[in-house]
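Worksheet for the structure shown next.
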């Protein structure tokens, strides 16, 4: 609570934007479209009740402070987005984006068309197959959000191994 009072007095919204996150210039949405929510992030799984992955998330500070008013979070316990997620979904009157309906804030573990942004966890070292494995889907993602090349660990086509099927596997063809 002290952090918010001392460093962010009077601030109502916080966009958590880790260095491995990016906003997509082609998005038809803006942060203004999420002002009715207390928390919005990327859904973890299909039909997720709490779209709360925290690497790229939008948070209402007054809701966060309510939680911190009755519970303390200790360092090095559960990841902060999971810790808040377990509590904010139970907070009376809180409005939290869900992966069932409001899945287009951002993409991390689950793909959906035209998000406002992407969080490529651990600087792209952890890329979920259901988002990144299919080369056609990858092309669609990069066409929609070309800014991703600034944060993705990428190689040039000429650096591919012989037999690379562009899906993370080496096949006998082309060797």
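Numbering (my numbering), first residue to last: 810 to 984.
Even glycine gets a Cβ: it sits at the ideal position worked out from N, Cα and C.
Note that the coordinates shown come from a computational prediction; the quantities given were computed from them, not determined experimentally.
Residue nearest to residue 859 within the set 891, 816 and 934 is 891 (criterion: CA-CA distance). DSSP, read as helix, strand or coil, puts residue 812 in helix. Contact fails between the stretch 947–963 and the stretch 864–874, because fewer than three Cβ pairs, one in each stretch, are under 8 angstroms apart. Looking at the DSSP output, residue 882 bridges to nothing.
In this chain, the beta strand (DSSP E) harbouring residue 848 covers 848–851.
One thing to note: residue 975 has its Cβ within 9 angstroms of the Cβ of residue 969. Looking from the CA of residue 914, the closest CA among 852, 903, 951 and 977 belongs to 852. Pairing residue 823 with residue 817 gives a Cβ-Cβ distance under 9 angstroms. With distances taken between CA atoms, residue 850 lies nearest to 862 out of 840, 841, 862 and 842. Relative to the Cα of residue 922, the nearest Cα in the group 930, 912, 847 and 830 belongs to 912. Per DSSP, the continuous beta strand (DSSP E) segment holding residue 822 begins and ends at 822–826.
Judged by DSSP secondary structure, residue 939 falls within the alpha helix (DSSP H) whose first and last residues are 938–941. Rounded to whole angstroms, residue 945 and residue 848 show a C-alpha spacing of 32 angstroms.
Spatial neighbours of residue 820 in its own chain (CB-CB distance under 6 angstroms, excluding positions within 5 residues in sequence) are listed in chain order as 870.
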